[in-house]
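S.K.:
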């Protein structure tokens with residue numbers, strides 16, 4: 015599974031603006047409405063061909079599904095990980 019820094023980087027790369035669930039998650043680590051966040055990720059996945067970007071979003075979906083609803087995460091804004099997502103993380 016991807017780590018917190020990778021999850022934050024992916025969310026911040028794909029959010030649809032400051033009012034989106036991906037932006038909220040990427041900014042704070044909070045997952046307030048898991049279903050809505052997963053739907054937003056799914057909409058992005060459906061627009062992409064098979065490849066690294068799609069893999070990253072699928073890995074992010076697995077991460078948030080595993081994390082479940084949660085409050086703001088302390089020091090979340092300090093996290094960032096450029097490590098590429100491996101195929102087995104999806």
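In my numbering, the protein residues as written are 15 to 104.
All C-beta atoms, glycine included, are put in the ideal place defined by N, C-alpha and C.
Would you list the one or two residues that DSSP bridges to residue 84?
M.R.: 45
S.K.: Less than 8 Å between C-beta atoms, sequence neighbours within five positions excluded: which residues of the same chain meet that for residue 61?
M.R.: none
S.K.: Leaving out the 5 sequence neighbours to the left and right, which residues in its chain are closer than 7 Å to residue 34 when beta-carbon positions are compared?
M.R.: 54
S.K.: Counting along the chain, where does the alpha helix (DSSP H) carrying residue 27 start and finish?
M.R.: 18-28
S.K.: Where does residue 49 land, buried or exposed, given buried means 16+ other C-beta within 10 angstroms?
M.R.: exposed
S.K.: Rounded to a whole number of angstroms, what is the C-alpha to C-alpha distance between residue 100 and residue 77?
M.R.: 14 Å
S.K.: State the Cα-Cα distance for the pair residue 91 and residue 42, rounded to the nearest angstrom.
M.R.: So the two alpha carbons sit approximately 7 Å from each other.
S.K.: According to DSSP, is residue 60 helix, strand or coil?
M.R.: helix
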